[in-house]
Structures are given as C-alpha cells and as structure tokens.
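J.: I'd like to ask you about the structure that follows.
In the UniProt record's numbering, the protein residues as written are 1 to 510.
Here it is in structure tokens:
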C-alpha cells in the first residue's frame, strides 16, 4: 500500500507561461513532483545500484564506508510542512525527526535542487515566507518564531551536516562525584551516592548551538500551531505599509505582533476561543478566520482585535453525517459529546469587489470539504456547498487559472476508512490519493475528472517511504518497484492526525 500525501502544494515556476504548473506532494520522507507537461521527479533521488565488480571492490574498503552506502530511505526524516516562495522559485520543507528546514530550488520541469539544510532546536510546526522572499519564518512546537535567511553563505553551509548524516552532539565531561564507595560508610550516604551515579548516566549531553544566521522574533508560552504574515497599506500614499505577524497557539490565543524588526511589540490579542486554535486564514487584508477545537469558526477584524462573526462548523458536519450515515463512526452512546477539529482553512479570493470571498474548511477525520461564502456584513456568511470526498482530507493546494477559475487539489487518506482515523481500509477499497475539483467565478464546484488521467502516476503510482523505489529512465518515465506494505499503521496515523491531540483533557487540567 502506498503512503498518503501528508501535505501538498503547487506553484507556477514560469512567469511567462501562467498555464504551466508543478504539483508537490510529501509522501513520507519523499517529495514527489509532477508538472502540467507530464514531467515527474522524486526527491531524494534513488541511489545508483551497485554492480558485481563494485561489490568486490567494496569488500576491500574499510567498514565505515560501507555503512554509508547501505543507508536506506527508511532512515530519512518525514516531511511535515511544504511552502513555496511567492516568486515560485524555491520550496521549503520542514522535517520531523531531525527538526530541520531544507531549501530547494525549483526548475521549470519541477526537479528539486537541495540548496541548504539547517537543523532547528525544536520541531517546526509552521513555515512561511516573508513578502520579499528573502526570509523564512519558522514557528516551532516550543512556542518560538525564528527568521532565517533563505540562502546561506558557504561558511554556514559547511557547518550544517549533509543529508542522512547525524550531527555530532557536543562532548561533555562525565560527572564524577567527589565521594566513592570506599569513602562512604553510612547507608544513607551510600544511597545518595548511588542516586548521583544514576543521574550522571542519564544526564543528556549539551545541545549544539545553531551555527547559522538566525533571529528569534517572538515567543509564546504554549505550543504554536500556525503563523501568518500580514501587510496593511497606509491610508496616506506617502506612508509605508506596516507588517504584522499573526500567531496562534494551543492555549486559545491569537496574538497580533508587529512585523520584523519590531516583532517583540504586541499590538493585541483576538480573544474568544474556548479550545485550541489550529488554523489561521486571511480572506482580506484585515479579515482573519480562525478555527480549531471549537464548534465555530471565528471571523475577526484582527487589526482592531474585534470579533465580527461566529460561523458554526459543527452543524454542517452533523448534517453531512445525516446525509451520509455510512461515514458516521461516532459511538452511539457518545454522539452528543462529538467535537470537531479544524485541520485546514483556505481562502478563495475574488477579482471583483462585487463577489464575496470563498472559504474552504476541512475537519480532521471528516470525509468532506465545506465551502462557505463570506458575507460583507456581520452574520452574513453562509455555507454554499458540502463536497463529499473519497476519504478524509489531509491537505489542499489551490491553483488559479488564467480564466480566474480555481483548481482544488486535495490529498486524500486512502489508508483509513472515511470518517475514521483508526480503522484501516480493505485492500479492495483503495481509492486515489488525489481528488481534483474546479471552482468557477460564481462559486460553483464540480469534479475536474479530466485531469485524473494525466495525474495517474502522482495519485496512484508515485514512490512511497520505505522500500518503495523509483527508477528514473532517460526518457523521463518512472517505474515503481514493490510498494511498501504499511506494517505499522500507528506510525501513519500519528503522522496524519494530530490536531485532535491538541485538545486539553479534563483530567489533564485537574
């Protein structure tokens, strides 16, 4: 069984030809790409096979060199976030196990060139670009936001370990107590000495400092979940625009901070959530949508920190269950306790002031996409479409066409049953990993099945994590070897579904 795409994104690398696009998908530790012209690639590229003569030569080499050659794809860290620069020239990937940020250059055929890799002190949870594409803003699970230059100097790149090589931990002198078993005689002192020796063995080594240029912008006391960069143009044409950082955390906070270099200055908080905030989205420069563990989406005038509207998301989910009872996996004795967890918010802009912006909402473990039309006045927003899906949505990428219509590329969980985050599908019921829809200027949504044939490799055949290998031939075709069977479903589940885990339990609060 192939690995789902835990995150996807899309870009237009050719400014002279806006009809060309490249789709990126994070498939375990791999980044799979396919362009509108049909060109495909996989990063990291497959290692060359070793011939019989090479194997004989290897036997004469030191064992240390053989270890590097035998490194497998399973040792690579899983990709958790993808972000494309606003000029569509660079891709940034955040990885989990090594807590690193990788920067790639995107060529016009979609092939990725790794430019640099930088390990962060904590696992990144959100990655965005500054408006000028020169800086990466990285939020981590510890509550800090860092600013990193997109490109690094040669000296800095030498200080960063290459792919697959673990960074050496700073050496530390072992703890040695002044007393020994020969100088301690009482039972109480002997016990203290034993405890000291145990603690010295468990004492972690000092962490290595960040050896590259970086700047810490701000910090939360709680786990960060999302970050946005917003720009407000001044009413006075001669004045400069002002930048802001909008950050959300597990403790129901939405903080409004000034943009760099004054991001330590807090302008205010958008308060009203009772549960965690997992996603932020700007539909207009001054209109913020937030969602998380509450039954509602919150609409804010974030510059004034004022709540404009609350939109129920729980009611559309319950209505969907009534129309599709086969997807309702709630226990009968716990249906009243059902809670939603928003895992995605995406704005669909409009080109004219006469049209209202659209908002796409995905909830964790719900096989549907909810399309809202945002109102111009408070309490005027409404649900327009509930789009049933083949599986639970994982991520979404929006592509604007020259006709001002939009294509929606949806990553689907084809491992678990629709409506469940634990039950595994039967082998005979495995759908595509990708669903595509189109949205016209009137807000009508329909399936874009005409693109399915051209994306068959990406949606069904692309290499996966583990032993699934891809062989790239000169003509550009990719042959997929034996796909990895998902043996440990829990690893997949933990990677795909983590939003509901942000909810604080009653026993934990006590």
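Beta carbons are placed, not taken as given, at the ideal position from N, Cα and C, and that holds for glycine.
Are the stretch 256-270 and the stretch 240-247 in contact at 8 Å, needing three or more beta carbon pairs?
T.: yes
J.: Using only CA atoms, which one of 143, 288, 112 lies nearest to residue 221?
T.: For the purposes of this step, residue 221 is taken as residue 221 along the chain shown, with counting starting at 1. The residue with the shortest Cα to Cα distance from residue 221 is 143.
J.: What residues in its chain sit with their C-beta under 8 Å from that of residue 18, if we drop five residues either side in the sequence?
T.: To locate residue 18, count along the chain shown from 1; it is residue 18. Closer than 8 Å at Cβ, skipping near neighbours: 12, 402.
J.: Unbroken beta strand (DSSP E) runs of length 3 or more, entirely within the stretch 358-392: which are they?
T.: 358-363, 368-373, 382-388
J.: Counting along the chain, where does the beta strand (DSSP E) carrying residue 409 start and finish?
T.: In the chain shown, the residue the question calls residue 409 occupies position 409. First-last of the beta strand (DSSP E) with residue 409: 406-413.
J.: From the DSSP output, read off the bridge partner residues of residue 292.
T.: As a working mapping, residue 292 is identified with position 292 in the chain shown. Its beta-bridge partners are 277.
J.: In the DSSP assignment, find the unbroken beta strand (DSSP E) run with residue 119 in it and report its ends.
T.: The sequence position of residue 119 within the chain shown is 119, counting from 1. Per DSSP, residue 119 belongs to the beta strand (DSSP E) from 112-119.
J.: Measuring CA to CA, which of 87, 83, 228 is closest to residue 284?
T.: As a first step, residue 284 is located in the chain shown; it is residue number 284 there, counting from the start. If we check each option's Cα against that of residue 284, 228 comes out closest.
J.: Using three-state DSSP, classify residue 190 as helix, strand or coil.
T.: Position 190 of the chain shown holds residue 190. In the structure shown, residue 190 falls within a helical segment according to DSSP collapsed to helix, strand and coil.
J.: What residues in its chain sit with their C-beta under 7 Å from that of residue 557, if we drop five residues either side in the sequence?
T.: The requested residue 557 is not part of the displayed model; the chain covers only 1 to 510.
J.: Buried or exposed for residue 110, going by 16 or more other Cβ atoms inside 10 Å?
T.: Here residue 110 refers to the residue found at position 110 of the chain shown. Residue 110 is buried by the Cβ-count criterion.
J.: Does the contact criterion of 3 or more C-beta pairs under 8 Å hold for the stretch 410-424 versus the stretch 385-392?
T.: yes
J.: Are the beta-carbon atoms of residue 445 and residue 458 separated by less than 9 Å?
T.: For this step, residue 445 is matched to residue 445 along the chain shown. For this step, residue 458 is matched to residue 458 along the chain shown. No. Outside cutoff.
J.: CA-CA distance, residue 552 and residue 33?
T.: Since the first residue shown for the chain is 1 and the last is 510, residue 552 is missing from the structure and cannot be characterised.
J.: Who does residue 447 pair with in a DSSP beta bridge?
T.: For this step, residue 447 is matched to residue 447 along the chain shown. In the DSSP assignment, residue 447 is bridged to 437.
J.: Whole angstroms are fine: how far does the CA of residue 498 sit from the CA of residue 249?
T.: Taking the first residue of the chain shown as position 1, residue 249 is located at position 249. Taking the first residue of the chain shown as position 1, residue 498 is located at position 498. A straight-line Cα-Cα distance of about 14 Å links residue 249 and residue 498.
J.: Let me check one thing: in DSSP terms, what residues is residue 226 bridge-paired to?
T.: For the purposes of this step, residue 226 is taken as the residue at position 226 of the chain shown. Paired residues: 248.
J.: Between 133, 361, 292, 145, which lies nearest to residue 121 when the distance is taken from Cα to Cα?
T.: Here residue 121 refers to the residue found at position 121 of the chain shown. Residue 145 is the option with its Cα nearest to residue 121.
J.: List the endpoints of the continuous alpha helix (DSSP H) containing residue 517.
T.: Outside the modelled stretch of the chain, which goes from 1 to 510, sits residue 517, for which no answer is possible.
J.: Please name the residue in 489, 501, 113, 22 whose C-alpha comes closest to that of residue 341.
T.: Taking the chain shown and counting its residues from 1, the one referred to as residue 341 is at position 341. Ranking 489, 501, 113, 22 by Cα distance to residue 341 puts 501 first.
J.: Out of 81, 367, 45, state which residue places its alpha-carbon closest to the alpha-carbon of residue 8.
T.: Stepping through the chain shown from its first residue, residue 8 is reached at position 8. Of the candidates 81, 367, 45, the one whose C-alpha sits nearest the C-alpha of residue 8 is 81.
J.: Among the candidates 127, 101, 292, whose CA atom is the shortest distance from the CA of residue 116?
T.: Position 116 of the chain shown holds residue 116. Ranking 127, 101, 292 by Cα distance to residue 116 puts 101 first.
J.: Just to confirm my understanding: we take residue 97, look at its own chain, exclude 5 residues before and 5 after, and list those with CB closer than 7 Å. What are they?
T.: Taking the chain shown and counting its residues from 1, the one referred to as residue 97 is at position 97. These residues qualify, in order along the chain: 77, 78.
J.: Could you check where the alpha helix (DSSP H) with residue 489 kicks off and where it finishes?
T.: Position 489 of the chain shown, counting from 1, holds the residue named residue 489. Looking at the DSSP string, the run of the alpha helix (DSSP H) that includes residue 489 is 489-496.
J.: Residue range of the beta strand (DSSP E) that residue 22 falls in?
T.: If you number the chain shown from 1, residue 22 lands on position 22. Per DSSP, residue 22 belongs to the beta strand (DSSP E) from 22-27.
J.: Would you say residue 343 and residue 307 are within 9 Å of each other, going by their C-beta atoms?
T.: Stepping through the chain shown from its first residue, residue 343 is reached at position 343. Stepping through the chain shown from its first residue, residue 307 is reached at position 307. No. Outside cutoff.
J.: Report the partner residues of residue 399 according to the DSSP bridge assignment.
T.: Taking the first residue of the chain shown as 1, we reach residue 399 at position 399. Looking at the DSSP assignment, residue 399 forms a beta bridge with 407.
J.: When you compare the CB positions of residue 43 and residue 31, do they come within less than 9 Å of one another, or not?
T.: Mapped onto the chain shown, residue 43 falls at position 43. Mapped onto the chain shown, residue 31 falls at position 31. Yes. Within cutoff.
J.: With distance defined between alpha-carbon atoms, name the residue in 350, 3, 23 nearest to residue 454.
T.: Indexing the chain shown from 1 puts residue 454 at position 454. With distances taken between Cα atoms, residue 454 lies closest to 23.
J.: Determine the closest residue to residue 107 out of 15, 277, 422, 274, with distance taken between C-alpha atoms.
T.: Counting from 1 along the chain shown, the entry for residue 107 is found at position 107. Here the closest residue by C-alpha is 15.
J.: With a threshold of 8 Å on Cβ separation, who are the neighbours of residue 300 within its own chain once the five nearest residues in sequence on each side are excluded?
T.: Translated into the one-based positions of the chain shown, residue 300 becomes position 300. Result list for residue 300: 254, 270, 287, 288, 289, 290, 306, 307, 308, in chain order.
J.: If you run the structure through DSSP and keep just helix, strand and coil, what is residue 34?
T.: Walking along the chain shown from the start, residue 34 turns up at place 34. Three-state result, residue 34: strand.
J.: Given a cut-off of 9 Å, decide if residue 312 and residue 295 are closer than it, judged by their beta-carbon atoms.
T.: Taking the chain shown and counting its residues from 1, the one referred to as residue 295 is at position 295. Taking the chain shown and counting its residues from 1, the one referred to as residue 312 is at position 312. Yes, the Cβ-Cβ distance between residue 295 and residue 312 is below 9 Å.
J.: Where does residue 151 land, buried or exposed, given buried means 16+ other C-beta within 10 angstroms?
T.: Here residue 151 is taken as the residue at index 151 of the chain shown, counted from 1. Exposed, by the Cβ-count rule.
J.: DSSP three-state label for residue 74, please.
T.: Residue mapping note: residue 74 aligns to position 74 of the chain shown, counting from 1. The predicted position of residue 74 is uncertain, since its pLDDT is 49 and thus under 50; no value can be drawn from it.
J.: With distances taken Cα to Cα, identify the nearest neighbour of residue 95 among 41, 6, 215.
T.: In the chain shown, the residue the question calls residue 95 occupies position 95. Among 41, 6, 215, the Cα nearest to that of residue 95 belongs to 6.
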